[in-house]
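Q: Sharing a structure here in structure tokens format.
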Amino acid sequence: MKIVSFNVNGIRARIEAIKNIIQSDNPDIIGLQEIKTSNENFPYLEFLKYGYQSLVYGQKQKYGVAILTKIPNKDLFIGIKKKEKNKRFIGISFVKKKNFSFLIVMLLKETRRAI
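18 is the number of the first residue of the sequence shown in this note's numbering; add one for each residue after it.
If you want it as structure tokens, here you go:
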């Protein structure tokens, strides 16, 4: 299984780079940090063309995380707190031979005090 994690610093600016990674490495799971877009504006179709389901916890202009996966999943976890201001945590659990989970957490210096 191949897993890639990428701090994109804005998904729109990195679509071609992500496509290049998909074509060259064919990862099963891709974790994205700092997508900087809302759920509604995420380019789902760009990745669906390559067989990836996009699970997004987006936020316009800053933060936001996403997971692109080709593996069927069963549970989606978003946010650390119920009233989370900044969207920096997403996780999913999978069923593929054995159960496992994959998490993307974007931590900043101030996060230590916030959790």
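Cβ coordinates follow ideal geometry from the N, Cα and C atoms, glycine included. Quantities reported herein were computed from a predicted structural model and do not represent experimental measurements.
1. Check whether the Cβ atoms of T178 and R31 sit closer than 8 Å, and answer yes or no.
2. Please return the same chain residues whose Cβ sits closer than 6 Å to the Cβ of S110, not counting the five positions on each side in sequence.
3. Can you name, in chain order, every residue of its own chain whose Cβ lies under 8 Å from the Cβ of L65, other than the five neighbours on each side?
4. Quick check on the DSSP output: the beta strand (DSSP E) that includes S71 runs from which residue to which?
5. Check each candidate in L49, K19, D45 and E33 and name the one with the smallest Cα separation from K79.
6. Taking only the alpha-carbon atoms, compute the straight-line gap between E33 and N58 and give it to the nearest angstrom.
7. Based on Cα-Cα distance, which residue from V21, V82, G27 and E51 lies nearest to Q40?
8. Whole angstroms are fine: how far does the CA of K77 sit from the CA of I46?
9. Can you give me the C-alpha to C-alpha distance between T86 and V73, rounded to a whole angstrom?
10. From K36 to L62, what does the alpha carbon distance come to, in whole angstroms?
A: This is what the structure holds:
1. Residue 178 is absent from the structure shown; the chain starts at 18 and stops at 132.
2. By 1-based counting over the sequence shown, the position of residue 110 is 93. So the qualifying residues of the chain are K91, D92 and S118.
3. Residue 65 sits at position 48 when you count from the first residue of the sequence shown. For L65, where only same-chain residues beyond five positions count, the Cβ hits under 8 Å are S71.
4. Looking up residue 71 in the sequence shown gives position 54. Unbroken beta strand (DSSP E) run through S71: Q70 to Y74.
5. Taking the sequence shown and counting its residues from 1, the one referred to as residue 79 is at position 62. Minimum Cα distance to K79 is reached at L49.
6. Walking along the sequence shown from the start, residue 33 turns up at place 16. Walking along the sequence shown from the start, residue 58 turns up at place 41. In a straight line, the C-alpha of E33 is about 17 Å away from that of N58.
7. Translated into the one-based positions of the sequence shown, residue 40 becomes position 23. It is V21.
8. Along the sequence shown, one-based indexing puts residue 46 at 29. Along the sequence shown, one-based indexing puts residue 77 at 60. Looking at the two C-alpha atoms, the distance is approximately 23 Å.
9. Taking the first residue of the sequence shown as 1, we reach residue 86 at position 69. Taking the first residue of the sequence shown as 1, we reach residue 73 at position 56. Rounded to the nearest angstrom, the two C-alpha atoms are 11 Å apart.
10. For the purposes of this step, residue 36 is taken as the residue at position 19 of the sequence shown. For the purposes of this step, residue 62 is taken as the residue at position 45 of the sequence shown. Answer to the nearest angstrom: the Cα atoms are 12 Å apart.
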